Structures are given as C-alpha cells and as structure tokens.
Amino acid sequence: MEKNLIILPSKPWHPLLIPSHSSTQLEWHGSTRALANSNSVSMTQRSHPKLVDTQLNQLCANGSLSEAVAILDSLAQQGSKVRPITFMNLLQACIDKDCILVGRELHTRIGLVRKVNPFVETKLVSMYAKCGHLDEARKVFDEMRERNLFTWSAMIGACSRDLKWEEVVELFYDMMQHGVLPDDFLLPKVLKACGKFRDIETGRLIHSLVIRGGMCSSLHVNNSILAVYAKCGEMSCAEKIFRRMDERNCVSWNVIITGYCQRGEIEQAQKYFDAMQEEGMEPGLVTWNILIASYSQLGHCDIAMDLMRKMESFGITPDVYTWTSMISGFTQKGRINEAFDLLRDMLIVGVEPNSITIASAASACASVKSLSMGSEIHSIAVKTSMVDDILIGNSLIDMYAKGGDLEAAQSIFDVMLERDVYSWNSIIGGYCQAGFCGKAHELFMKMQESDSPPNVVTWNVMITGFMQNGDEDEALNLFLRIEKDGKIKPNVASWNSLISGFLQNRQKDKALQIFRQMQFSNMAPNLVTVLTILPACTNLVAAKKVKEIHCCATRRNLVSELSVSNTFIDSYAKSGNIMYSRKVFDGLSPKDIISWNSLLSGYVLHGCSESALDLFDQMRKDGLHPSRVTLTSIISAYSHAEMVDEGKHAFSNISEEYQIRLDLEHYSAMVYLLGRSGKLAKALEFIQNMPVEPNSSVWAALLTACRIHKNFGMAIFAGEHMLELDPENIITQHLLSQAYSVCGKSWEAQKMTKLEKEKFVKMPVGQSWIEMNNMVHTFVVGDDQSIPYLDKIHSWLKRVGENVKAHISDNGLRIEEEEKENIGSVHSEKLAFAFGLIDFHHTPQILRIVKNLRMCRDCHDTAKYISLAYGCEIYLSDSNCLHHFKDGHCSCRDYW
DNA sequence: GGAACTACGT
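In UniProt numbering, the protein residues as written are 1 to 896.
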C-alpha cells in the first residue's frame with residue numbers, strides 16, 4: 001500500500017543518494033513504522049537532494065516531523081544515503097518543536113550508520129539535553145568515539161542549563177585531560193559553575209591559564225573570572241583584576257557591584273555605582289536592578305524606591321526583576337500594603353509578573369494572614385496561567401494555610417501536578433499551626449512514601465506542632481527518631497524547636513536541660529538558640545546561667561551580632577549583674593538605640609538613677625535621638641532620684657523636643673514620679689487630665705503611692721478603677737479589701753472577701769527561690785515539712801526578728817499584698833534568708849532570691865537589717881521590683 | 001556548540 005503512495009526513484013541519480021560502494025554507508029534496516037503513518041507524503045521522482053532537504057525543512061517547519069522521518073525511511077529503503085546536514089536539520093527541528101519521540105526515532109536511524117559524523121552526534125547530545133533528557137544526552141556523549149570542542153561544549157552547556165555545576169567542572173577537567181582546549185565561549189560556562197559552586201580553586205586555575213596564554217582571553221572571559229572572585233567574596237582579588245582590565249563594559253562594573261552587595265557592603269556597591277558614572281559608563285538595567293535588589297533586601301525599601309524612580313528618569317524602564325525585588329523587599333519589611341500597591345502598579349504599566357513575583361506577593365499575604373488579598377493573587381495566578389507552577393502552588397498553600405483556610409490549602413495541594421518537599425512542608429505546617437497534629441502526622445506518614453521524603457524542616461515542623469499542642473513527649477520522641485527514620489541529622493533548628501517548645505509550655509528547667517544536652521552533643525548553638533534560651537535565665541536565681549550562656553555565645557562568636565549582645569545587656573541586668581551589663585555595653589561598637597535603652601532600663605531596675613542620668617547625658621552628647629523607651633526610663637530615673645521638676649521637664653520634652661508620641665508607659669511613669677514624691681493630689685489630677693483613658697498600670701502607680709504614703713481613701717479610689725479594668729484580679733481584690741477595712745468600710749471589705757470565696761480563687765501562696773551551691777531551693781509559706789533545719793531556722797529568725805524590731809520606727813497600719821505573718825507561717829523570703837545564712841560556716845557575700853508576691857514592710861526591714869548586721873548583700877526581686885539590700889539600705893529607697 | 005551581571009518559597 002505504501003509503495004503505491006510513495007513514488008520511489010527507480011534509479012538513484014545522484015552519487016550522494018546512492019551507496020557509492022557496495023558497502024552501503026548509510027543504509028539502515030530500521031523500522032517502517034514512521035512510514036506507515038505517512039500516507040500524505042509524496043516525493044517527486046528524481047528529486048535533487050537539496051530539494052529533498054527543502055521538502056524536509058518545510059515538513060519540519062509545519063511540525064510534521066514523523067512525515068519527515070518517513071521520507072528518510074523511504075530514501076533508505078532504496079538504499080539512499082542521508083547527508084549529515086539533513087540529520088542535523090531534522091534534529092534541530094526536534095529541538096525547536098521539543099519533540100523527543102521523533103528525536104529518538106532519528107537516534108535509532110543515526111545509530112545504524114556505520115561511521116557517524118561527530119557533528120551529527122553532537123547535535124544528538126544537544127537534542128536530548130534541550131528536550132530535557134540530560135541523562136540520555138550524557139549516554140550518547142559517553143559512547144562517542146570522537147569528541148571535539150563542539151561536543152564538549154554541547155555537553156557542558158547542557159549540564160550548565162540543568163544547573164549541574166559540579167558536573168560542569170568535572171567535565172571541564174575531563175576535557176582538558178583529553179587534550180581539548182576550551183575557547184572563549186566555553187570558559188564563561190565553566191567559570192559560572194565555579195561561581196555557583198564556590199569553586200575558587202578551579203577559578204584560580206583557569207585564571208592562571210588565561211594569563212599564561214594557554215587559553216583565550218576575551219572581555220567575556222575576563223568578566224567571568226572577575227565574577228568567580230566576586231561570588232566567592234574575594235573582593236580584593238576582584239578589585240585587582242578589575243583595575244587591570246584593559247577593556248571594561250557595563251557587566252564588569254555589575255560584577256563588582258554584585259560582589260559587594262552579596263557581602264552586604266552596600267556602601268561600597270554604591271561607591272562603584274557612582275564611580276562608573278563618573279567614568280562615563282552608564283548603568284544599565286541590570287546595574288540598577290542589582291543595587292535596587294540589594295537595598296531592598298537589606299531593608300532599605302525607601303532608598304530602593306527612590307532608586308527605582310531615579311532609574312526611570314534616566315530613561316530605563318523597570319522590568320520584572322525591578323518590580324519583584326521591590327515587592328519582596330516591602331514584604332520582608334512587613335509593609336504589605338505597599339507591596340500590594342507595587343504589584344497593582346506593575347500590572348497597570350503592563351509589566352508581566354512571573355512566578356517569582358506572584359510567589360513573593362503570595363508570601364506577603366501569608367505573612368499578614370490576609371485571605372482576601374491572597375485570593376486576589378490566586379486569581380492573578382489563574383489568569384496568567386501560572387497556577388501549575390510548583391513555586392506558585394507552594395506559596396499559595398502556605399498563604400491559605402497561614403490564613404487559616406486549610407481546605408483551600410488542601411485543595412491546591414491535591415490538584416498539584418508535581419509536589420516537592422516545600423509543598424508537603426507547607427501543608428503539614430498548616431495543619432500543625434491550626435492544632436491538627438493528627439492530620440499533620442497522617443500527611444507526614446504519606447510523605448515518607450512520596451517522591452519527596454521528609455527533610456529536616458519537616459521533622460522540625462512536626463516537633464513544633466506537637467509542642468504547640470502541649471504534647472511534649474511526642475515532640476521529644478520525634479526528635480529522637482529523626483536520625484533513625486529520616487537518615488538525616490537533627491540540625492540546630494531541631495534543637496531550637498525543642499527548647500522554644502519547652503519554654504512555651506513553661507518548662508524552663510527542661511528547656512535548660514535540652515540546651516545543656518545540645519552543647520554536650522557538640523551541636524553549636526546559634527543566634528536563635530541564645531535569643532530563645534536567655535529569657536529563661538533573666539532572673540536572680542539563674543545569674544550563673546547567663547554567664548554560662550555568655551561564655552558559650554562568645555566562643556561561637558555570636559556576640560558580634562548586635563541583637564545578641566543587646567540581649568545580654570538586658571539579661572545581665574535582670575539577673576542582678578548590672579556591672580556585667582555595663583561591660584558588655586562598653587565593649588560594643590557600634591551600639592544602637594536598643595543597646596543604650598537596655599543599659600538604661602537596667603540602671604533603673606537596679607535603682608541606679610545617677611548612672612542612668614549620666615548615661616542619658618552621654619547619649620545626647622553622642623548625638624543619639626532618644627526613643628519612647630528611653631524617655632520612660634528617664635522619667636523613672638528622675639522619680640527614683642526625687643527630681644520631680646526634671647522629670648516633668650523630660651515629660652514635656654517627649655512630644656515637644658523629641659517629636660515622640662506620648663503613650664501610656666510615659667503617663668504611668670509620670671504618675672509614679674508624682675506619687676513617689678508624695679504629691680498624691682497632683683498625681684490624681686494628672687490622671688484625670690490625661691487625654692487618653694488610663695490603663696491599669698497608671699492606676700497601679702497611684703495605688704502604690706497611696707499604700708506607701710498611707711492615703712487609704714485614695715487607695716480605694718485607685719483600686720476600684722483597677723478592678724473595673726480587670727475584675728478578676730485577685731491581688732487587686734485583696735488590696736482593696738484591706739483598704740476598705742482600714743477605712744472602716746467593713747461592709748465593702750466583707751463583700752470583697754465573699755467575692756473571693758465565691759469564685760474559689762485564692763490569693764497565691766507566697767513562694768521564694770534561692771540559689772545556693774548551684775541548686776535552687778524553694779520555700780513555700782505553710783509547707784514546713786520540706787524545709788531543712790526547720791528548728792534552727794525558726795530560732796535564728798526569732799533572734800533576728802527581735803533585733804529588727806528594735807530598728808523599726810514605723811509600725812502603723814498598712815496595706816500589703818501578702819497576708820500578715822502569724823505563728824507558724826513565716827514569709828517565704830525570710831525562710832530563704834535564714835537558709836542562706838545558717839547553712840554555711842561562712843556568710844555568703846550575696847544572696848539571690850526570687851519571690852512571687854510583693855515583699856511586705858516587715859520582710860523588707862528584715863532584709864535591710866541582715867545586710868547591715870551580716871555584711872551580706874541581698875538581691876531580691878519580688879513581683880514588682882528588684883531590691884538590692886546593702887549596708888542597711890535598699891536600692892528601692894523604701895518605695896516599692 | 002554559542003558566553004558574563006539581577007528577583008523567590010517551608
């Protein structure tokens with residue numbers, strides 16, 4: 001049947017079409033399957049080979065590739081030879097039409113040729129690579145007998161396109177060993193791989209070969225060499241080469257600028273950007289994009305935005321890179337609305353977003369949990385037919401999961417054409433976050449059977465999920481299973497997720513235990529570890545732990561990070577080592593406003609008002625602008641120093657001089673200032689004239705003042721306001737009930753007490769913790785059984801108590817947080833004092849105690865007495881204040 | 001055969 005349709009030349013007329021010798025060079029006995037499908041194909045008798053080629057080319061252009069193959073087959077059947085150029089054209093057509101099936105058919109036929117033209121084989125390699133079958137390309141390449149520079153270039157180019165950087169470099173060495181020298185087209189590809197793979201050694205080698213003249217050098221090659229040094233962070237080498245280049249173009253400058261941007265040295269980058277213009281080299285689109293992306297990434301969105309406008313005034317239109325960089329910069333800064341506006345503007349001016357743009361925008365919506373903006377992005381992705389992109393799919397899953405719409409997240413996950421580890425982790429993370437650990441675990445099990453098995457992030461997500469669900473055992477269990485099941489190692493984030501999980505579940509000791517185990521198993525803590533664990537140690541009984549962690553952080557060079565050092569300033573202060581805070585502060589260069597504020601509030605906490613005010617002076621001399629926090633501390637410092645006028649002045653300066661909006665912290669600091677100096681009426685008047693509604697800490701400041709200055713009537717007034725704002729607060733109820741009693745309002749007092757009983761809430765029992773010999777001992781009021789040396793303690797306290805009485809001048813009526821002591825119920829801090837001082841043959845220099853309630857006057861007097869009589873400093877932080885007792889005085893100056 | 005510099009996610 002076929003024979004009738006295809007008119008075969010009866011006698012080959014051209015020597016190239018006939019097997020010139022009896023050994024038919026290009027004859028094959030290949031399949032005629034393609035022929036069977038080629039009913040429409042006709043071929044003119046006695047066609048000239050060029051005409052055959054023209055006909056084949058036409059078929060290729062129309063996409064009728066199988067028909068073209070059929071013609072080849074018919075030629076072969078009559079024993080005709082196919083010219084290499086014909087094969088090459090057909091292969092190129094397969095590349096153009098992305099037609100791997102026909103490509104394979106051609107491969108079969110080429111394989112039948114006895115001595116294949118190396119150019120045809122090279123084209124075959126390209127065909128497989130460009131149709132996305134790198135492995136088949138490599139197979140052809142490996143089996144080739146003769147490989148020239150073109151062949152190597154095709155293979156290396158294929159690996160480069162497929163981002164197989166390691167293979168690129170390996171092939172390059174292989175090529176050199178085969179005695180083939182690269183040209184100036186191949187070298188940039190190899191150098192690019194060196195840059196991506198941070199292979200500075202190969203980069204240097206090529207550099208030296210180029211200098212010695214063994215290889216071609218061109219502007220492209222020189223730029224590529226420059227780029228390797230820049231990417232590997234060797235900026236001094238890069239600069240040297242740059243200066244010596246006899247010819248530079250815009251890319252040369254771009255490379256240098258990129259190098260500095262990657263190191264975060266934006267000032268240097270900017271310098272080069274300016275310098276290139278001075279030398280008459282106009283920055284190109286890419287140059288602008290590099291600089292804009294860098295500013296944007298470093299959080300300087302506004303500078304980036306200015307640059308974008310400036311670039312337009314230079315006549316360069318922002319492209320998708322520019323817009324995407326800006327959008328992602330604003331997103332990372334949390335300026336989501338601006339990111340969204342940018343996306344809209346971009347669409348308006350007609351720049352097509354790509355998958356990265358859409359993914360950035362989706363992650364912006366995820367970060368603010370905005371489903372409405374998110375679904376807008378979703379519809380853009382649908383309209384631009386990008387929903388099937390895996391990156392977009394993943395970011396949409398994340399967006400819906402974070403926004404709480406797990407159904408939408410799940411349905412995207414379900415219809416995805418392909419899934420990677422991000423897809424799984426996003427959906428699992430979504431279920432964990434929402435508290436559906438069971439569902440997450442189910443997916444986690446399925447994932448292990450999938451093409452993308454869990455990675456360490458998956459495990460960490462699961463651990464965090466169980467921790468948030470309060471299932472610490474399961475979280476710990478998962479952690480222990482990582483290595484066994486996953487064939488992967490727990491990383492620092494795995495450890496961090498355990499630590500932060502225990503802390504979230506208020507298990508400080510377990511968190512610290514994990515931290516210790518972490519160091520024991522040689523896992524280096526990172527910045528996150530330190531910043532997570534430190535708040536667990538910011539109390540007086542953990543003072544040693546702060547030092548321990550500081551040592552550890554110093555060894556790991558984490559303290560070079562300003563946020564870490566600033567946290568140590570704060571932690572040292574809160575754990576009672578203000579001198580260490582100062583040391584850390586003095587060692588910092590540069591410091592930021594948080595460094596100053598941390599030390600300032602440390603001084604205030606310790607009642608070191610003079611030091612605080614000195615520091616404030618220094619700060620102003622250094623030209624620093626105080627922040628909201630600074631001024632709160634400063635007013636507190638003035639009130640501690642009883643410098644009321646200065647405090648008032650600072651307060652009025654907040655909005656006038658410093659242009660800072662007053663907030664409730666400032667107002668309560670002012671009430672504290674006025675109240676402390678006994679100006680109760682002024683304090684009340686101040687509250688009543690506040691332009692904003694006072695909150696409970698404003699009233700608490702007044703209540704404290706009333707307690708100390710014994711204005712019980714006003715105490716009732718303040719207490720009632722506090723109770724209005726927080727009706728369940730048991731401590732307020734307790735204080736108020738006492739104030740009623742003192743004022744003779746026994747009916748109200750009884751009502752208060754009745755309320756307490758009805759709600760079945762009790763005042764917390766007084767508790768104190770003291771650290772002795774690396775152990776923390778707990779003392780609870782009324783729990784005498786657990787107290788060591790009870791008799792000794794009681795007799796010691798009795799003796800001390802008598803001495804204290806002799807020193808007390810004022811024992812009138814008071815309102816106190818804790819119930820009055822009676823026989824058999826001694827306040828917990830006194831037990832701690834006694835324990836600290838009788839258990840040793842020598843008196844310890846410092847006692848460090850933490851207490852859950854506010855100290856009473858009597859215990860405060862006792863501590864003052866002990867500090868004088870025993871020459872022992874006592875640091876005690878109660879629920880409200882850090883007291884430092886020394887030589888018979890307290891840092892709070894008896895106002896707390 | 002065909003090159004150098006730019007944006008993204010758990």
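C-beta atoms are modelled at their ideal positions from N, C-alpha and C, and glycine is treated no differently. Since the structure is predicted, the reported quantities are computational estimates derived from the model, not experimental observations.
Considering Ser877, what are the terminal residues of the alpha helix (DSSP H) in which it resides?
-> For Ser877, no alpha helix (DSSP H) run applies; the uninterrupted beta strand (DSSP E) run containing it begins and ends at Glu873 to Ser877, by DSSP.
Who are Val850's beta bridge partners in DSSP?
-> DSSP lists Trp769 and Ser877 as partners of Val850.
Beta-carbon spacing of Gly259, Ala230 below 8 angstroms | It is a contact, given that the beta carbons lie within the stated cut-off.
Assuming Arg707 contacts Ile808 (C-beta within less than 8 angstroms), just tell me the rounded distance between them.
-> That pair is no contact at about 17 angstroms.
Relative to the alpha-carbon of Ala137, which residue among Val125, Ala434, Glu143 and Leu498 has its alpha-carbon at the smallest distance?
-> It is Val125.
Less than 8 angstroms separating the beta-carbons of Leu406 and His378?
-> His378 is positioned such that its CB atom lies no closer than 8 angstroms to that of Leu406.
Nearest CA to the CA of Glu383: which residue from His883, Cys237, Ile358 and Leu664?
-> Looking at the sequence provided, one finds Lys at residue 383 rather than Glu. The candidate whose alpha carbon is nearest that of Lys383 is Ile358.
Would you mind giving the Cβ-Cβ distance between Asn597 and Ser627, rounded to the nearest angstrom? I have them listed as a contact below 8 angstroms.
-> Here Asn597 really is in contact with Ser627; their C-beta atoms are around 7 angstroms apart, less than 8 angstroms.
Under 7 angstroms Cβ to Cβ from Trp796, same chain only, skipping five residues before and after it: list those, please.
-> For Trp796, where only same-chain residues beyond five positions count, the Cβ hits under 7 angstroms are Ala834 and Ile838.
Chain-order list of residues whose beta-carbon lies under 8 angstroms from that of Glu167 (same chain, five-residue window excluded) | The residues are Cys159.
Own chain residues within Cβ distance below 6 angstroms of Leu26, not counting five before or after | With a pLDDT of 34 at Leu26, under the threshold of 50, the modelled position of this residue cannot be trusted; read the value that follows with caution. Excluding residues within five positions, the ones whose Cβ falls inside 6 angstroms are Lys81, Val82 and Val113.
Can you name, in chain order, every residue of its own chain whose Cβ lies under 6 angstroms from the Cβ of Gln268, other than the five neighbours on each side?
-> Sequence-distant partners of Gln268 (beyond 5 residues in either direction) whose C-beta falls short of 6 angstroms from its own C-beta, in its chain, are Tyr260.
Determine the direct distance from the alpha carbon of Tyr895 to that of Asn880, and round the result to whole angstroms.
-> Computed Cα separation, rounded: 11 angstroms.
Is it the case that the CB of Ile482 approaches a heavy atom of the ligand ZN more closely than 7 angstroms?
-> No copy of the ligand ZN appears in this structure; indeed no ligand is present at all.
Put Phe885 into one of helix, strand or coil per three-state DSSP.
-> Three-state DSSP puts Phe885 in a strand.
Within 10 angstroms of its Cβ, does Cys551 collect 16 or more other Cβ (buried), or is it exposed?
-> Around the beta-carbon of Cys551, fewer than 16 other beta-carbon atoms lie within 10 Å, marking it exposed.
Would Lys864 pass as a contact of Gly888 if the rule is Cβ separation under 8 angstroms?
-> A distance below 8 angstroms separates the beta carbons of Lys864 and Gly888.
Where do the ends of the alpha helix (DSSP H) carrying Met175 lie?
-> Per DSSP, Met175 belongs to the alpha helix (DSSP H) from Trp165 to Gln177.
Report yes or no: do three or more beta-carbon pairs, one from the region 328–342 and one from the region 351–369, lie closer than 8 angstroms?
-> In short, these stretches touch, since the Cβ pair count reaches three.
Could you check where the beta strand (DSSP E) with Phe779 kicks off and where it finishes?
-> Residues Met775 to Val780.
What span of residues does the alpha helix (DSSP H) with Ile578 cover, start to end?
-> In the DSSP assignment, Ile578 falls within the alpha helix (DSSP H) that extends over Ile578 to Asp586.
Near Val671, what residues of its chain come up, given a Cβ to Cβ distance below 7 angstroms and the 5 sequence neighbours on each side ignored?
-> Cβ neighbours of Val671 within its own chain (closer than 7 angstroms, five residues either side excluded): Ala683, Phe686, Ile687, Val698, Ala701 and Leu702.
Report the option in Met215, Lys544 and Leu527 whose CA atom is closest to the CA atom of Thr554.
-> Answer by Cα proximity: Leu527.
Segment contact flag, the region 622–640 with the region 603–613, C-beta cutoff 8 angstroms, min 3 pairs = Taking 8 angstroms as the limit for Cβ pairs, the verdict is that the region 603–613 does touch the region 622–640.
What separation, rounded to the nearest whole angstrom, lies between the Cα atoms of Ser571 and Leu558?
-> If I take the Cα positions, the gap works out to 15 angstroms.
Of the listed residues Arg661, Val584 and Asp645, nearest to Glu561 (C-alpha basis) | Nearest in C-alpha terms to Glu561, of all of Arg661, Val584 and Asp645, is Val584.
To the nearest angstrom, report how far apart Cys131 and Cys99 are at their CA atoms.
-> Rounded to the nearest angstrom, the two C-alpha atoms are 7 angstroms apart.
Between which two residues does the alpha helix (DSSP H) containing Phe502 stretch?
-> Its alpha helix (DSSP H) spans residues Val492 to Gln504.
Shortest alpha-carbon distance to Glu646 belongs to which of Ile428, Ser677, Ala573 and Phe141?
-> By alpha-carbon distance to Glu646, the top candidate from Ile428, Ser677, Ala573 and Phe141 is Ser677.
For Cys232, I'd like the list of residues in its chain whose CB is within less than 6 angstroms of its CB, leaving aside the five on either flank, ordered along the chain.
-> If we look at Cys232 and ignore the five residues flanking it on each side, its Cβ neighbours are Arg198 and Ile200.
In three-state terms, what does DSSP make of Cys890?
-> Cys890 sits in a strand when the DSSP states are folded into three classes.
Taking residue 902 as the reference, give the member of Asp810, Ala832, His860 and Gly744 with the closest Cα.
-> Shown here, the chain extends from 1 to 896; a query on residue 902 therefore has no answer.
Might you give, ordered along the chain, the residues of its own chain that have their beta carbon closer than 6 angstroms to the beta carbon of Leu534, omitting 5 neighbours on each side?
-> Within the same chain, Leu534 has close Cβ partners Thr567 and Ser571.
Following the continuous alpha helix (DSSP H) through Tyr400, name the residue where it begins and the one where it ends.
-> Start and end: Ile390 to Lys402.
With which residues is Asn539 paired in a DSSP beta bridge?
-> Under the DSSP definition of a beta bridge, Asn539 lacks any partner.
Find out if the Cβ-Cβ distance for the pair Ala475, Gly435 is shorter than 8 angstroms.
-> Taking 8 angstroms as the Cβ cut-off, Ala475 and Gly435 do not qualify as a contacting pair.
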